[in-house]
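Peer 1: For reference, the structure I am asking about is given below.
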Amino acid sequence: MGVIFGLLAALGWGAGDFVLSRIARRIGPLPTLLYVQVAGIAAICLVLVLRRDPLPADPELWTLAAGVNLLNVAGTLCLYRALAVGTVAIVSPIAASFAAVTAVLAFIGGERLEPLALAGVALVMGGVVVVSRPPAELPAGAAGQTTGIAAALGAAFAYGVFFYLLGPVTAGMGIAWPVLVGRLLTTAVALALLALRRVVPPRPNRELLGAAALATSLDTMGFLSYNSGIATAYVSVVTALASIFSAVTVLLAWVVLRERLAASQWAGVAAVLAGVLLVSV
32 MGVIFGLLAA LGWGAGDFVL SRIARRIGPL PTLLYVQVAG IAAICLVLVL RRDPLPADPE
92 LWTLAAGVNL LNVAGTLCLY RALAVGTVAI VSPIAASFAA VTAVLAFIGG ERLEPLALAG
152 VALVMGGVVV VSRPPAELPA GAAGQTTGIA AALGAAFAYG VFFYLLGPVT AGMGIAWPVL
212 VGRLLTTAVA LALLALRRVV PPRPNRELLG AAALATSLDT MGFLSYNSGI ATAYVSVVTA
272 LASIFSAVTV LLAWVVLRER LAASQWAGVA AVLAGVLLVS V
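Each residue of the sequence shown is one higher than the one before, counting from 32 in my numbering.
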């Protein structure tokens with residue numbers, strides 16, 4: 032089941048990031064962060080009601096969840112910035128390389144994989160790196176080739192540490208409560224930054240609300256699937272599978288936005304898919 036949950040997380044995050052990139056380019060990273068997180072709070076509260084998850088009573092768990100989610104906030108801020116200013120087909124795979132950080136931390140923590148699964152993890156991470164390389168056949172200095180890469184790297188590091196530390200939080204609180212903590216914390220940070228910068232978010236219209244609802248539904252599906260996966264399988268395997276969300280985003284950018292992919296990037300996508308098959312064996 033860990034494999035299935037990892038793939039569902041990839042689908043949710045990949046499609047969600049694509050929708051987020053469209054919103055962020057229109058209204059900016061911080062207003063996007065606010066609207067999507069508010070919608071996310073409503074979505075995860077609905078999940079909690081439907082699941083009837085008991086409220087965790089241990090205050091230490093809440094403190095740990097808040098501390099761990101600060102990394103999630105940092106990664107999310109970096110990701111929204113990268114998606115707003117960079118080329119989607121480049122910055123999304125770079126952000127997805129958080130799997131390498133998580134895998135290294137999991138290895139240090141004592142996880143050991145079968146040879147085929149280890150090869151699959153390596154292929155997935157290698158494929159993500161190859162996909163993230165700017166297409167050589169585009170003109171030198173083409174807009175978007177380097178813009179947003181630094182923010183995407185910041186997202187990769189923050190997410191990599193976050194997803195590794197998320198295991199104990201999920202084990203103690205279940206799969207849904209940690210997501211709510213993250214949503215509340217991110218919303219508070221977004222409001223604070225908007226106030227400090229004196230930015231007034233645009234009044235949401237029907238189109239914006241629909242896009243935000245779609246993005247947060249996909250993102251919530253990704254987080255719930257990931258949390259379910261790490262409860263049933265190795266963190267390194269689930270994270271490697273979830274990291275192929277970048278391939279989903281790249282393909283959507285190619286089909287919808289006509290962002291060009293180099294031959295090397297297609298090779299990276301193929302390596303990612305081959306890695307999925309090996310991990311699934």
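The beta carbon of each residue, even a glycine, is placed where N, CA and C say it ideally should be. Note that the coordinates shown come from a computational prediction; the quantities given were computed from them, not determined experimentally.
1. Identify which residue in VAL104, GLU91, VAL135 and ALA73 has its Cα closest to the Cα of PRO199.
2. Short of 8 Å in beta carbon distance, which residues of its chain neighbour ALA264, apart from the five on each side in sequence? Order them along the chain.
3. What distance in whole Å lies between the Cβ atoms of SER267 and ALA137, which are believed to be in contact at a cut-off of 8 Å?
4. Are the CB atoms of GLY106 and PHE193 within a distance shorter than 9 Å?
5. Can you have a look at GLY98 and say buried or exposed, based on whether 16 or more other CB atoms are within 10 angstroms of its CB?
6. Can GLY45 and LEU283 be called in contact, C-beta distance under 9 Å?
7. Quick one: is PRO62 buried, meaning 16 or more other Cβ sit within 10 Å of its Cβ, or exposed?
8. Where SER52 and SER248 are concerned, what is the direct C-alpha to C-alpha distance, given to the nearest angstrom?
9. Note down, one range per segment and in chain order, each alpha helix (DSSP H) of at least 4 residues found wholly within the segment 81–116.
10. Using three-state DSSP, classify GLU145 as helix, strand or coil.
11. Which residue from PRO232, VAL160 and VAL286 puts its Cα closest to that of ILE275?
12. I'd like the list of long-range same chain contacts for CYS109, defined as Cβ closer than 6 Å, with 5 residues on each side in sequence excluded.
13. Which same chain residues, not among the five before or five after PHE129, have their C-beta less than 6 Å away from its C-beta?
Peer 2: The relevant details are as follows:
1. GLU91
2. MET32, GLY33, VAL34, PHE36 and GLY37
3. 4 Å
4. yes
5. exposed
6. yes
7. buried
8. 15 Å
9. 90–116
10. coil
11. VAL160
12. ALA182, GLY185 and ALA186
13. ALA187, TYR190 and GLY191
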